[in-house]
Amino acid sequence: EGHVLRNPSSGVSQASRRIDARHRLVLSGTPVQNHPTELWSLFAFAMPGYLGELADFKASYGKAVDAARGALGRSRANDGPEDPEAAQRNSSS
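Right under this line is the structure:
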């Protein structure tokens, strides 16, 4: 279950990456719940080295995703309610 591996600095995650195995499998319904490093941690277990070192991954993708989330949050705040029915009810009040 991938959720136990999401935090790359946790003891369980670090220990799992040291397991010598020919095949590895990770199951996760939410591979990125809070931050891109969670995805890196899952790949670090299943496909070591595929996404590079954590520091490089954070520099390349973490900052970009955080910036995009910030912009998306500001955009949504300016758009008003996402539910069109709620918007219609509010406009007719």
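So the mapping is simple: the working numbering equals the position in the sequence shown, first residue as 1, plus 3. Cβ coordinates follow ideal geometry from the N, Cα and C atoms, glycine included. Since this is a predicted model, take the numbers as computed values, not measurements.
Membership of T40 in the alpha helix (DSSP H) is indicated by the continuous run P39 to A49.
Counting the other CB atoms within 10 Å of its CB gives R27 a total below 16, which places it among the exposed residues. Around the CB of E4, fewer than 16 other CB atoms lie within 10 Å, so the residue is classed as exposed.
Taking G32 as reference, the option from A71, K61 and V7 with the minimal CA-CA separation is V7. At least 7 Å separates the beta-carbon of L45 from that of V68. The beta-carbon distance between F60 and L54, rounded to whole angstroms, is 5 Å. This is short enough to meet the 8 Å contact definition. Rounded to the nearest whole angstrom, the C-alpha separation of E56 and A24 is 20 Å.
The three-state reading of DSSP puts D69 in helix, counting H, G and I together.
The continuous alpha helix (DSSP H) containing G14 extends over residues G14 to R20.
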